[in-house]
Amino acid sequence: MDSFYIIDGHCDTIEIIADQGLNMFQEQKCQVTLEGLKMGKVGLQFFAAFVAPKGSRPCLQRGLKLIDAYHAMTDQYQHSFQRVLKFDDIAQAVQQGKIGSMLTVEGGDVLEGELLNLRILYSLGVRAMTLTWNYRNEIADGVLESRSKGGLSSFGHDVINEMNRLGMLIDVSHLSENGFYSVLEASKKPVAATHSNAWALQPHPRNLTNDQIKSLANSGGVMGINFYPDFLSGQQASLNDIIRHIEYIIDLAGIDVVVFGSDFDGIERLPEGISGPQHFEKVINALFKRNYKEEDVRKVAYKNYLRLLKDIL
Ligand SMILES: [Zn+2]
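Numbering (our numbering), first residue to last: 27 to 339.
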């Protein structure tokens, strides 16, 4: 039988490690710990270098600091991590019982409007980029620019083409609705909303409308279920709410679009009974209890992401 594992498309652990000078995944400080990743059978974890649009300029310098922290962390724990730079690295990590780690950047502000910075980030190991955070940058508007609701700029189009050419995953979470649709139209490859839920169940601007979800599914993309209570159901949430979003999206757009995007270490509150990657098992067990076929649960756990990454990396 193929080994069963989890691919989680978003966490913000690097920021805590870089800013608090931690040299390990310290329990109490990080939701994502080395132990938790192992217990949760995480075969691939995306690690985001979050470059906030405001307050941390120059953005490229900030991005480099976080990337350096990622390299230091994966060096220090090289017996546990395998850096994923190409598709085959994922299988290699899983076979060796290691955790695949993929470096991503959240916030295209890091490019400071220069395409050459994208190529430099790629050469430093970045394999995915969230185009915007919640506000406007050189690429497009984020979800909170509710007046202008801008789509992709000319520079944004250049970024899409270059990401397609280099083999980088385009992340549309946080992007304005107009931006979202212009990316789907412009990109030659399917894209991911790495950490966004269903707006129909929880009408938060960070969530995706039914039409967005269907368009994403029709173009071969994926969306990662985010564990932040505000995006699930409100102030408080439970495992049940995670399942509710998964089921809703499957019923709406099919099984091939759903993946995980926990947002661990980027969220200050968690659903009841979920405190880190060690609890992915609870979600998996709940899906089996609802009589999903094994193949379908595998798709949500890792196979949908494998399909997408095989096409891109
Ligand atoms: Zn985010």
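Ideal Cβ placement from N, Cα and C applies to all residues, glycine included. Quantities reported herein were computed from a predicted structural model and do not represent experimental measurements.
- Residue 35 sits away from residue 217, with the two beta carbons spaced by 8 Å or more.
- C-alpha of residue 330 to C-alpha of residue 78: approximately 29 Å in a straight line.
- Straight-line measurement puts the Cα of residue 234 at about 35 Å from the Cα of residue 106.
- No Cβ-Cβ contact shorter than 8 Å links residue 230 with residue 250.
- In this structure, residue 304 sits near residue 62, with a CB-CB distance shorter than 8 Å.
- Taking the Cα of residue 265 as reference, the smallest distance to any Cα among 279, 317, 299 is reached at 299.
- Runs of beta strand (DSSP E) with 3 or more residues, each lying fully within the segment 250-284, are absent.
- Checking the DSSP bridge columns, you'll see residue 68 partnered with 32.
- At least one heavy atom of ligand 1 lies closer than 7 Å to the C-beta of residue 292.
- A direct Cα-to-Cα measurement between residue 153 and residue 132 gives close to 11 Å.
- Taken in chain order, the complete beta strand (DSSP E) segments of 3 residues or longer contained in the segment 131-159 are 152-156.
- Two segments are said to touch when three or more pairs of C-beta atoms, one from each, lie closer than 8 Å; by this definition the segment 174-182 does not touch the segment 107-118.
- A heavy atom of ligand 1 is found nearer than 7 Å to the CB of residue 132.
- Proximity of the segment 33-48 to the segment 201-215 falls short of the contact definition, fewer than three beta-carbon pairs being nearer than 8 Å.
- When secondary structure is reduced to three states using DSSP, residue 128 falls in the strand class.
- Sequence-distant Cβ neighbours of residue 57 in its own chain, meaning closer than 6 Å and more than five residues away, are 290, 291, 302.
- Residue 107: member of the beta strand (DSSP E) spanning 107-109, first to last residue.
- For residue 197, no alpha helix (DSSP H) segment is defined; the enclosing uninterrupted segment is the beta strand (DSSP E) at 195-197.
- For residue 118, the uninterrupted alpha helix (DSSP H) run begins and ends at 114-121, by DSSP.
- Looking at 198, 312, 271, 283, the one whose alpha-carbon comes closest to that of residue 240 is 283.
- The alpha-carbon separation between residue 145 and residue 192 amounts to approximately 8 Å.
- Taking the CA atoms as reference points, residue 156 sits about 15 Å from residue 215.
- Put simply, the backbone Cα of residue 138 is about 9 Å away from that of residue 163.
- Take the alpha-carbon of residue 140 and the one of residue 198: they are about 20 Å apart.
- DSSP places residue 56 in the coil class of the three-state scheme, outside both helix and strand.
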